Amino acid sequence: SQTIHQWPATLVQPVGSPLSLECTVEGTSNPNLYWYRQAAGRGLQLLFYSVGIGQISSEVPQNLSASRPQDRQFILSSKKLLLSDSGFYLCARDTDSGNTIYFGEGSWLTVV
Amino acid sequence: GESVGLHLPTLSVQEGDNSIINCAYSNSASDYFIWYKQESGKGPQFIIDIRSNMDKRQGQRVTVLLNKTVKHLSLQIAATQPGDSAVYFCAENIDGNKLVFGAGTILRVKS
Chain A
49 SQTIHQWPAT LVQPVGSPLS LECTVEGTSN PNLYWYRQAA GRGLQLLFYS VGIGQISSEV
109 PQNLSASRPQ DRQFILSSKK LLLSDSGFYL CARDTDSGNT IYFGEGSWLT VV
Chain B
197 GESVGLHLPT LSVQEGDNSI INCAYSNSAS DYFIWYKQES GKGPQFIIDI RSNMDKRQGQ
257 RVTVLLNKTV KHLSLQIAAT QPGDSAVYFC AENIDGNKLV FGAGTILRVK S
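Residue numbers (my numbering), protein chains in the order written: chain A, 49 to 160; chain B, 197 to 307.
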């Protein structure tokens with residue numbers, strides 16, 4: 049199974065508030081995990097990826113951070129949200145072969 | 197920097213016709229390419245992939261063509277159906293850990 053669970057599915061947060069998006073995956077152990085962001089009507093931007101517990105690589109400087117406290121858990125956080133953080137956030141994991149990635153159903157964040 | 201882009205941002209086709217969605221990539225070292233379909237409000241779904249040692253790969257109603265000479269990738273959908281309406285993304289695997297996505301093409305199927 050390559051099931052990916054993301055929550056919450058939607059949320060509306062005020063500017064300056066904290067954020068925590070959670071993602072858990074099923075399937076083989078030690079997957080590569082990813083957080084992507086998609087602005088409305090736009091493409092996918094890689095934010096973070098992780099090759100193992102506690103190992104996080106950041107792709108773009110931003111107001112967000114990621115953590116991987118467990119093998120199959122990936123968390124996206126912010127201490128203080130900005131309006132520009134609004135978007136569709138997608139968690140993903142790779143396959144056993146490592147080339148393809150599969151996405152969760154996403155979390156819609158609106159910062160007001 | 198490396199990028200993957202799409203020639204046509206929006207494509208409208210008549211139901212039953214064939215669709216062709218194009219993609220250009222700039223990293224000649226990329227060895228693996230994927231097409232995803234994203235329906236409104238959902239995460240992208242894997243459609244088909246192709247390795248750089250292949251020119252063509254077929255799936256169910258879909259075919260991916262790879263032209264390494266001109267760094268061009270295309271997705272062909274046969275007998276397009278209303279359920280094919282979505283945004284289609286091409287992606288390239290650059291270093292084995294990351295995928296770089298194109299901007300996306302909107303496919304609209306007219307009944």
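By construction, the Cβ of each residue, glycine as well, lies at the ideal position given by its N, Cα and C atoms. All of these numbers come straight from a predicted model, not from anything done at the bench.
1. Could you give the DSSP three-state label for residue 68(A): helix, strand or coil?
2. According to DSSP, what are the bridge partners of residue 252(B)?
3. Do three or more CB pairs link the stretch 286–304 of chain B to the stretch 86–104 of chain A at distances below 8 angstroms?
4. At 7 angstroms on the CB atoms, spell out the chain A contacts of residue 228(B), in chain order.
5. Between residue 153(A) and chain B, is the shortest Cβ-Cβ distance under 7 angstroms, so that the two count as touching?
6. Between the beta-carbon of residue 159(A) and the beta-carbon of residue 129(A), is there less than 7 angstroms?
7. Under the DSSP definition of a beta bridge, which residues are partnered with residue 135(A)?
8. Indicate whether residue 239(B) and residue 102(A) have their beta-carbon atoms separated by less than 7 angstroms.
9. Starting from residue 124(A) and walking both ways along the beta strand (DSSP E), at which residues does that stretch end?
10. Rounding to the nearest angstrom, what Cα-Cα distance links residue 118(A) and residue 266(B) in this structure?
11. Tell me which residues of the stretch 270–304 of chain B have at least one Cβ-Cβ distance to chain A shorter than 7 angstroms, keeping chain order.
By the coordinates alone:
1. On the first sequence, position 20 is the one that residue 68(A) refers to. Residue 68(A) falls in the strand class under three-state DSSP.
2. Along the second sequence, one-based indexing puts residue 252(B) at 56. Note: residue 252(B) sits in a beta bridge opposite 261(B).
3. These segments touch.
4. Here the question's residue 228(B) lines up with position 32 in the second sequence. Contact annotation for residue 228(B) against chain A: 147 [CB-CB distance below 7 angstroms, chain order].
5. On the first sequence, position 105 is the one that residue 153(A) refers to. At least one chain B Cβ lies under 7 angstroms of residue 153(A).
6. Walking along the first sequence from the start, residue 159(A) turns up at place 111. Walking along the first sequence from the start, residue 129(A) turns up at place 81. Going by C-beta atoms, residue 159(A) is nearer than 7 angstroms to residue 129(A).
7. Counting from 1 along the first sequence, the entry for residue 135(A) is found at position 87. 157(A).
8. For the purposes of this step, residue 239(B) is taken as residue 43 along the second sequence, with counting starting at 1. For the purposes of this step, residue 102(A) is taken as residue 54 along the first sequence, with counting starting at 1. No.
9. Along the first sequence, read from residue 1 onward, the residue named residue 124(A) stands at position 76. Residues 121–126.
10. As a working note, residue 118(A) is residue 70 in the first sequence. As a working note, residue 266(B) is residue 70 in the second sequence. If you take the alpha carbons of residue 118(A) and residue 266(B), they lie about 43 angstroms apart.
11. Listed by position along the chain: 285, 289, 292, 293, 294, 295, 297, 298, 299 and 300.
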